[in-house]
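In numbering that gives the first Met the number 0, the protein residues as written are 0 to 216. Positions of the beta carbon are idealized from the N, C-alpha and C atoms, including for glycine. For clarity, every value in this text was computed on a predicted model and none was experimentally measured. Notes to accompany the following structure.
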Amino acid sequence: MGGSGPERAGIGITHEAARRRRAEGAGADRSWRVGADGEAVIGDLLTGLARPSWWSRLWRRPPAWRALHSIPLVDARGRPRGDIDHVVIGPPGVVTINTKHHRAGRLVLDGDELVVNGRRTAYLGQARREAERAAGLLGCALAAAGEPGLAAALVVRPLIAVVGATVVVNRRAPGATVVPPHRLIPALTLMPARLTRREVAAVFEVARRSTSWAPPT
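Here is the structure:
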């Protein structure tokens, strides 16, 4: 992401794959490369969503949707603590997206339980924690940027995008969304609107700064 703009989708996990390959040898990076491929699929969809329409360009209106990718997180000492795959800012507010790439198999969502090929996962908890952390960091950054009203009203929703596997939903997860790629854009655009275009632009301007994702000092 850097101080002036977003990173390419999957860039953080691609860097980690390269590091593993150098440290552990050929094949050690396979799961990381698979993850990067999944993030690229979702990143392409979000790029299309955030592309301004000809109508918006004609009237010079700010985009209704913005997207950031591979946002690095650090702790209070500046040490790396993972990343958020994608952050989408639009009429519903902010959505953090955690991409899971399973090249084959079956994912079953049953309320708070998310099972992949018969094995329970911690995906929902991870996605919710990412959203909570994003809400805290962006809220502080918005307030510091002179947007206390936006900071107080900020809503961050967690979403899990599943690439590759068949997704079966028995019961929806409270407070979270789980979708395959072809359902991603409809899921986002059908969420209740909360922000105006001006507010989307204001949140994006803060979110695109790398300093907004560091714990306040």
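Exposed unless 16 or more other CB atoms sit within 10 angstroms - verdict on GLY26: As a position in the sequence shown, residue 26 is number 27, starting the count at 1. Residue confidence for GLY26 is low, a pLDDT of 47 falling below 50, so the modelled location carries little weight; the figure read from the coordinates is stated next. It is exposed - the Cβ of GLY26 has fewer than 16 other Cβ atoms within 10 Å.
Residue environment, ARG21, which counts as buried when at least 16 other CB atoms sit within 10 Å: Position 22 of the sequence shown, counted from the start, is the residue given in the question as residue 21. Because ARG21 carries a pLDDT of 45, less than 50, the predicted location of this residue cannot be relied on, and no value is offered for it.
Nearest-angstrom Cα separation, counted from GLU146 out to VAL177: One-based indexing of the sequence shown puts residue 177 at position 178. One-based indexing of the sequence shown puts residue 146 at position 147. Their backbone Cα atoms lie some 31 Å apart in a straight line.
Nearest-angstrom Cα separation, counted from GLY163 out to VAL202: Counting from 1 along the sequence shown, the entry for residue 202 is found at position 203. Counting from 1 along the sequence shown, the entry for residue 163 is found at position 164. Their backbone Cα atoms lie some 32 Å apart in a straight line.
Same chain only: Cβ atoms within 7 Å of VAL73, ignoring 5 sequence neighbours per side: Translated into positions along the sequence shown, residue 73 becomes position 74. Cβ neighbours of VAL73 beyond the five flanking positions: PRO79, ARG80, ALA213.
C-alpha distance - ARG59 paired with ILE88, whole-angstrom precision: Position 60 of the sequence shown, counting from 1, holds the residue named residue 59. Position 89 of the sequence shown, counting from 1, holds the residue named residue 88. Straight-line Cα distance between these residues: approximately 19 Å.
ALA63 and HIS85 closer than 8 Å at C-beta: Walking along the sequence shown from the start, residue 63 turns up at place 64. Walking along the sequence shown from the start, residue 85 turns up at place 86. For ALA63 and HIS85, no; Cβs fall outside 8 Å.
Touch test, the stretch 36-50 against the stretch 179-187, Cβ-Cβ under 8 Å, three pairs minimum: yes
DSSP-derived helix/strand/coil call for GLU129: Along the sequence shown, one-based indexing puts residue 129 at 130. In the structure shown, GLU129 sits in a helix (DSSP, three-state: H, G or I).
Given ASP36 as reference, the closest of PRO90, PRO61, HIS101, ILE70 once Cα atoms are compared: Against the sequence shown, residue 36 aligns to sequence position 37. Closest by alpha carbon: HIS101.
3 or more residues per run - each beta strand (DSSP E) lying fully within the stretch 67-146: 79-89, 92-100, 105-109, 112-115
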